[in-house]
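Residue numbers (mature numbering (1 follows the signal peptide of the UniProt record, and there is no 0)): -19 to -1, 1 to 53.
The structure under discussion appears below in the form of structure tokens.
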């Protein structure tokens, strides 16, 4: 599996779990970005890419799963 796919998968798995920690889209995006950057660091990938993917996932997490905790 390519490293880009591993990075995206890791961010996709980590960010939604962390994204529920925020009470609005901005907080969820920031938490998702942190989770994505952490996943990228663990996988020895580009931190900016990981943060961007994680932030995007965090920002849309309540749009995708509106019944998740803290989704208003």
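Even for Gly, the Cβ is constructed at its ideal location relative to N, Cα and C.
Membership of residue 30 in the alpha helix (DSSP H) is indicated by the continuous run 28 to 45. Within the same chain, Cβ atoms closer than 6 Å to the Cβ of residue 52 are found at 43, the five residues on either side in sequence being excluded. Per the C-alpha coordinates, the member of 15, 8 and 6 positioned closest to residue 29 is 15.
CA-CA distance, residue 35 to residue 20, rounds to 9 Å. Annotated as distal: residue 37 and residue -17, with beta-carbon spacing of 9 Å or more.
Of all alpha-carbon atoms in -14, 6, -11 and -10, the one lying nearest the alpha-carbon of residue 45 is that of 6.
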